[in-house]
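Notes for the one structure printed next.
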Amino acid sequence: MTIRNKILGLFTGLTVSIIVMMVAFAYFLINRQSFDDFYKRLEIRAYIAARARLTTDEGNSAAYAEIRNEHLERLPHEKEYFIRLDTIGKPPRYPDLSPLRSGFYDKIKAFGKATYRYKDTFFQGVLFENEAGRYIVIVSASNVYGKEFMTELRRTLLICLILAAVVIVTAGLFFSRYILQPVRQITARVKNIRAHNLHLRLDTPDSDDEMSELSLTFNNMLDRLETAFETQNNFVSNASHELGTPLTTIIGEAELALNKKRSDEQYQQSLSVILREAERLEHITKSLLNLAQTGFTDKKQRLEKIRTDELIFTVKETIDRINPENQVEIDYSMLPEEEDKLLILGDPQLLQLALSNIVQNACKYSDNRPATIALAATDNDNVIIIKDNGIGIPAQDLPFIYDPFFRASNTSGYKGYGIGLPLARNIVRLHGGNIIVNSWEDQGTEIRITLPTYKRPV
164 MTIRNKILGL FTGLTVSIIV MMVAFAYFLI NRQSFDDFYK RLEIRAYIAA
214 RARLTTDEGN SAAYAEIRNE HLERLPHEKE YFIRLDTIGK PPRYPDLSPL
264 RSGFYDKIKA FGKATYRYKD TFFQGVLFEN EAGRYIVIVS ASNVYGKEFM
314 TELRRTLLIC LILAAVVIVT AGLFFSRYIL QPVRQITARV KNIRAHNLHL
364 RLDTPDSDDE MSELSLTFNN MLDRLETAFE TQNNFVSNAS HELGTPLTTI
414 IGEAELALNK KRSDEQYQQS LSVILREAER LEHITKSLLN LAQTGFTDKK
464 QRLEKIRTDE LIFTVKETID RINPENQVEI DYSMLPEEED KLLILGDPQL
514 LQLALSNIVQ NACKYSDNRP ATIALAATDN DNVIIIKDNG IGIPAQDLPF
564 IYDPFFRASN TSGYKGYGIG LPLARNIVRL HGGNIIVNSW EDQGTEIRIT
614 LPTYKRPV
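Start counting at 1 in the sequence shown, then tack on 163, and there's your number in the working numbering.
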């Protein structure tokens with residue numbers, strides 16, 4: 164079932180139900196009022212009949228009889244009963260009054276009047292007293308006019324209900340179509356967006372309603388998709404270039420060496436060039452594989468409890484082996500007193516790879532000037548801060564530092580491939596963390612890595 168039909172069904176059902184309840188309530192009140200009015204008419208007739216027949220003053224009796232005959236229309240099946248109460252207080256029984264029970268008479272004697280309904284016959288009894296004695300006067304009649312009125316009322320209400328349902332369905336069709344019109348427009352627009360025209364965007368009306376929010380959400384998603392496609396295209400073209408350059412050099416050098424007979428020194432020189440380019444190719448290939456593997460965030464990782472201080476010590480030992488001339492120092496000033504705060508869940512090999520790449524960059528781009536690794540921890544996060552005094556990153560290059568193979572404009576004098584920082588960010592994100600880079604050209608760079616603190620099960 165479409166949303167439009169659901170809205171129509173819900174709107175129609177709810178509105179018709181409310182109208183039906185209101186109609187039923189109105190019918191109940193009118194029906195009750197009709198009964199009360201008929202009983203009132205019977206009561207008036209009972210008092211007039213009592214005074215016309217039981218009053219000892221003949222003048223008054225004749226006057227009431229004249230009023231009844233001339234001004235009161237006789238009701239259908241109207242009958243009058245005059246019952247004299249004997250000394251015991253029990254009224255005699257009449258066949259036509261067989262539906263009445265003793266409680267009816269007791270109520271008349273206690274309250275002066277009482278009503279009763281048996282099928283379509285209505286009974287009204289009143290107590291009348293004069294010098295001649297105590298009487299119960301009962302008038303009965305059929306409420307034919309009221310029955311006809313209620314039948315006509317039911318017919319009228321039913322017709323009105325049917326007409327209202329038709330109007331509601333028609334209005335529901337119109338409003339459901341009107342309400343969902345923006346959704347249809349968004350659907351039609353999105354269907355026209357393909358990989359080749361990701362630059363297209365949805366129209367965002369100047370309003371704060373849900374449709375405007377939906378359009379903005381779609382546009383934000385398209386922004387991310389367009390960025391991802393552009394990044395992928397740049398990655399493929401850059402990877403092809405970076406892999407093609409050493410391959411071209413290796414092939415060219417090998418062809419040159421095999422072109423004619425050469426001296427041992429020339430062969431050694433050619434082999435040295437081939438070895439250097441092969442090592443470069445190996446490094447690029449491994450970096451690309453690592454970068455690709457860390458891109459699959461749904462891949463199950465071997466997570467274990469790690470102490471971040473021990474992780475930093477391991478990274479420092481690795482840097483010391485790779486670059487013995489480094490001046491990296493560990494800052495212990497922010498270490499927490501509680502050792503439990505230093506625990507995180509993660510893959511130690513991947514985290515060592517990420518931190519080693521960042522620390523190596525700190526050494527490389529600062530020409531082995533002093534750099535620090537600081538560690539702080541809270542109840543929720545472990546924060547690793549790596550700070551150097553190197554060449555920094557120009558402000559215009561900062562938005563692109565996570566693009567694979569991108570290198571800042573001031574790094575031409577340094578060997579590198581632009582993969583270390585994107586790889587580190589992927590690893591940190593894989594562990595639910597975040598990485599922030601603050602850099603100032605010719606002053607240095609500060610990289611802040613945040614990883615969630617391990618919380619023991621309660």
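All C-beta atoms in this analysis are idealised placements derived from N, C-alpha and C, irrespective of residue type, glycine included. Since we're looking at a predicted model, the values are computed, not measured.
Give the DSSP-derived three-state secondary structure of residue i in the structure shown.
i, result
"residue 272", "helix"
"residue 602", "strand"
"residue 490", "coil"
"residue 191", "helix"
"residue 251", "Any reading at residue 251 must be qualified, since the residue scores a pLDDT of 48, below 50, and its modelled position is unreliable; no value is offered."
"residue 480", "helix"
"residue 351", "helix"
"residue 617", "coil"
"residue 538", "strand"
"residue 461", "With a pLDDT of 47 at residue 461, under the threshold of 50, the modelled position of this residue cannot be trusted; read the value that follows with caution. It is coil, neither helix nor strand."
"residue 198", "helix"
"residue 368", "coil"
"residue 516", "helix"
"residue 341", "helix"
"residue 412", "helix"
"residue 237", "coil"
"residue 173", "helix"
"residue 356", "coil"
Using the DSSP secondary-structure output, state which residues sit across from residue i in a beta bridge.
i, result
"residue 296", "293"
"residue 468", "508"
"residue 498", "Answer is none; residue 498 lacks a bridge partner."
"residue 609", "550, 601"
"residue 573", "According to DSSP, which records beta bridges pairwise, residue 573 is partnered with nothing at all."
"residue 278", "287"
"residue 304", "285"
"residue 242", "303"
"residue 545", "540, 614"
Which residue from the options puts its Cα closest to that of residue i?
i, options, result
"residue 237", "337, 194, 201", "201"
"residue 448", "577, 618, 591, 409", "409"
"residue 338", "171, 606, 527, 589", "171"
"residue 183", "441, 326, 297", "326"
"residue 559", "603, 594, 588, 522", "603"
"residue 497", "475, 275, 491, 538", "538"
"residue 567", "528, 198, 588, 239", "588"
"residue 612", "592, 618, 606, 619", "592"
"residue 346", "368, 363, 357, 360", "368"
"residue 594", "514, 476, 286", "514"
"residue 342", "166, 499, 445", "166"
"residue 415", "433, 426, 424, 425", "433"
"residue 617", "600, 203, 240, 542", "542"
"residue 270", "260, 287, 259", "287"
"residue 208", "484, 272, 304", "304"
"residue 323", "546, 480, 186, 598", "186"
"residue 443", "272, 340, 354, 411", "411"
"residue 608", "529, 247, 476, 481", "529"
"residue 277", "199, 569, 601, 413", "199"
"residue 502", "545, 484, 518, 494", "545"
"residue 331", "173, 243, 564, 477", "173"
"residue 362", "441, 373, 384", "384"
"residue 335", "500, 240, 175, 494", "175"
"residue 441", "413, 476, 417, 430", "413"
"residue 205", "189, 215, 242, 225", "242"
"residue 365", "549, 225, 354, 372", "354"
"residue 606", "215, 550, 189", "550"
"residue 517", "375, 344, 169, 479", "479"
"residue 375", "344, 360, 392, 389", "344"
"residue 302", "284, 500, 446, 169", "284"
"residue 272", "419, 247, 351", "247"
"residue 309", "569, 340, 239, 259", "239"
So residue i and residue j are supposed to be a Cβ contact under 8 angstroms. How far apart are they, rounded?
i, j, result
"residue 300", "residue 213", "4 angstroms"
"residue 279", "residue 267", "5 angstroms"
"residue 583", "residue 520", "4 angstroms"
"residue 178", "residue 293", "Between residue 293 and residue 178 the Cβ distance is about 60 angstroms, and since that is not below 8 angstroms, they are no contact."
"residue 349", "residue 378", "6 angstroms"
"residue 275", "residue 263", "The Cβ separation is near 17 angstroms, so there is no contact."
"residue 298", "residue 245", "6 angstroms"
"residue 548", "residue 600", "With a Cβ gap of about 11 angstroms, residue 548 and residue 600 do not count as contacting."
Beta-carbon of residue i versus every beta-carbon of chain B: anything under 8 angstroms?
i, result
"residue 533", "The displayed structure is made up of one protein chain only, and chain B is not part of it."
Problem set entry | Touching by the beta-carbon criterion (3+ pairs, under 8 angstroms), the segment 499 to 508 and the segment 466 to 480 | Of all C-beta pairs linking the segment 499 to 508 to the segment 466 to 480, three or more are shorter than 8 angstroms, placing the two stretches in contact.
Exercise. Can you find at least 3 beta carbon pairs, one from the segment 551 to 560 and one from the segment 570 to 588, that sit closer than 8 angstroms?
Worked result: In short, these stretches touch, since the Cβ pair count reaches three.
Exercise. On the three-pair Cβ rule with 8 angstroms, is the segment 311 to 330 touching the segment 176 to 194?
Worked result: They touch, by the three-pair rule.
Exercise. Is the segment 578 to 593 touching the segment 516 to 536, taking contact as three or more C-beta pairs under 8 angstroms?
Worked result: Output reads yes: the segment 516 to 536 touches the segment 578 to 593.
For this session: For the segment 477 to 492 and the segment 532 to 549, state whether three or more C-beta atom pairs, one from each stretch, are separated by less than 8 angstroms.
Result: Contact between the segment 477 to 492 and the segment 532 to 549 is present, because at least three Cβ pairs lie under 8 angstroms.
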